[in-house]
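Protein chains in written order, with my numbering: chain H, -4 to 195; chain Z, -4 to 195.
There are 2 protein chains.
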Amino acid sequence: MEKGLLIVLSGPSGSGKGTVRAELMKKEHFAFSVSATTRGPREGERNDVDYHFITREAFEGKIQREEMLEYTTYNGNYYGTVKSEALEMIEAGKNLLLEIEVEGAMNVKRVYPEAVLIMLLPPSFAEQERRLRGRGTESDEIVNGRLARTYEEMEYLPHYDYVVYNENVDACAEDILSIIHAERCAMRRHPNAKEHYFGQ
Amino acid sequence: MEKGLLIVLSGPSGSGKGTVRAELMKKEHFAFSVSATTRGPREGERNDVDYHFITREAFEGKIQREEMLEYTTYNGNYYGTVKSEALEMIEAGKNLLLEIEVEGAMNVKRVYPEAVLIMLLPPSFAEQERRLRGRGTESDEIVNGRLARTYEEMEYLPHYDYVVYNENVDACAEDILSIIHAERCAMRRHPNAKEHYFGQ
């Protein structure tokens, strides 16, 4: 059984991560991993379906025992991917796609070095600024904050395996599907290729 | 100007290299490099079009000065690719595809480490044997020699970047086109991505 891939997709605000991800989902089947969170369930949310709703104590225990593949905090609550669940899917040959921030991506790489890290970028910083300001939905202060955050994010760029420039969503999705396809042929993923070839 | 790729395709007898290469040529444009040779021109062959016809002394001089990307001997004559010509095409953004033996591939990697080495294999050694014997055009002795040669060739497998199994030509060509596509997004091919992004 050939293992699946753990694909990590990151990108600054305005890179179009969400749109690209939706396009990828249309074109290829990815496994879906239920996130764990410490926030309470909202009306209609089911435990272990929408989220694994767990206590802060349980979540922090998982972090300490390196049982989280990645996690982040938002509005005072933890959100993250349980390592054992993700690896089970990968062992079963499924590809898992995680859309996460740079810090989380570094954690994934540390905990699971075989992960494939892809950074999605707008064609240029100037274009990113144009996109963010062009939306007209956020204040200048918020837009400036996001642009400043991009400088931080770009410091992590050398740790990524691939960089994809988002000129248009279709081309981007094709780039990423090619990366997934090619990675499955990478020699480092076939350490026993010789023995396997000779049927040993 | 983004550089092109130097793709090296190797594979044992019965791997279907020639057919896969022809299929690739149909689907994507590759630059074509005129080989140098020490054999004399045949009727109708033009110098610098079909081959660069050069003397043995000139060829061996090029080998000593590391001006050959790869070379081999056949029927007592040298055949090979002149490094400067190949690199000129790559610098101009073109992809160059070389179908060469494992020893030549190792030379390419040494002289031009950015080369992408792809090993094409039949699905298994048993299947390779079936294919070679099934042709019925060569003697048992020749087939046995080719199978024995495969053991030598497989020793080089760990030095290749990708392994592609030839179940069918179409799927193989798709694998290789994905590899080319993905390699162009590889972070190590974009060492100045950050500066470039910020327009510096």
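Think of the CB as a built atom: it goes at the ideal place given N, C-alpha and C, for glycine as much as any other residue.
DSSP, reduced to helix, strand and coil, places Z:E94 within a strand of the structure shown. Contact annotation for H:G194 against chain Z: S119, F120 and A121 [CB-CB distance below 7 Å, chain order].
The C-beta of H:A166 has fewer than 16 other C-beta atoms within 10 Å across all chains shown, which makes the residue exposed. In terms of Cα proximity to Z:M20, the closest of Z:T33, Z:I2 and Z:M(-4) is Z:I2. A contact is defined here as three or more CB-CB pairs under 8 Å, and the stretch 154 to 171 of chain H fails this definition with respect to the stretch 46 to 61 of chain Z.
Residues of chain Z whose Cβ lies closer than 9 Å to the Cβ of H:D170 are, in chain order, H176, A177, R179 and C180. Non-local C-beta neighbours of H:S79 in its own chain, meaning closer than 8 Å and more than five positions away in sequence, comprise E62, ordered along the chain. Z:T132 has its alpha-carbon roughly 31 Å from the corresponding atom of Z:Y157.
The beta carbon of H:K57 does not come within 7 Å of any beta carbon belonging to chain Z, so the residue lies off that interface. Separation of the CB atoms of Z:E124 and Z:L142 is rounded to 6 Å, and the pair is thereby assigned contact status at 8 Å. Within the stretch 93 to 106 of chain Z, contact with chain H at the beta-carbon level (separation under 7 Å) is assigned to no residue.
Under the 7 Å criterion on CB atoms, H:L1 is classed as non-interfacial with respect to chain Z.
When C-alpha distances from H:E98 are compared across H:L64, H:G129 and H:H24, the shortest belongs to H:L64. Look at Z:D156: its C-beta is under 7 Å from a C-beta on chain H.
With its beta carbon at least 7 Å from every one in chain H, Z:H24 lies outside the interface. Taking C-beta atoms under 8 Å as the contact rule, Z:L172 and Z:E23 qualify, at a distance of about 6 Å. In the three-state reduction of the DSSP assignment, Z:M84 falls in the helix class. For Z:I58, the uninterrupted alpha helix (DSSP H) run begins and ends at R51 to Q59, by DSSP.
Excluding residues up to 5 positions away in sequence, M(-4), E(-3), K(-2) and G(-1) lie with their Cβ nearer than 8 Å to the Cβ of Z:G88 in the same chain. What H:L116 touches in chain Z, judged by beta-carbon distance under 7 Å, is Y192, going in chain order.
Bridge pairing for Z:N72: Z:Y69 [DSSP]. Counting along the chain, the unbroken alpha helix (DSSP H) around H:V164 starts and ends at V164 to C180. Think of a sphere of 7 Å around the beta carbon of H:A188: the chain Z residues whose beta carbon falls inside it are L152 and V158, in chain order. Taking Z:V103 as the centre and dropping the five residues before and after it, the same chain places the C-beta of V3, L64, E65 and A110 closer than 6 Å to its C-beta, in chain order. Interface annotation, H:H185: in contact with chain Z, CB-CB separation under 7 Å. Annotation for Z:V111: no alpha helix (DSSP H) segment contains it, though the beta strand (DSSP E) segment containing it runs V111 to L116. Residue environment: Z:E178 is assigned as buried (16 or more neighbouring CB atoms within 10 Å of its CB, all protein chains considered).
In the three-state reduction of the DSSP assignment, Z:Y160 falls in the strand class. Around the beta-carbon of Z:D135, fewer than 16 other beta-carbon atoms lie within 10 Å, marking it exposed.
Counting C-beta atoms within 10 angstroms of its own C-beta, H:Y69 has fewer than 16 neighbours from the protein chains shown and is therefore classed as exposed. Counting along the chain, Z:L4 sits inside the beta strand (DSSP E) bounded by residues L1 to S5. Between the alpha carbons of H:Y155 and H:L91 lies a distance of about 17 Å. Residues of chain Z with a Cβ closer than 8 Å to the Cβ of H:M(-4) do not exist; the shortest Cβ-Cβ separation is about 15 Å.
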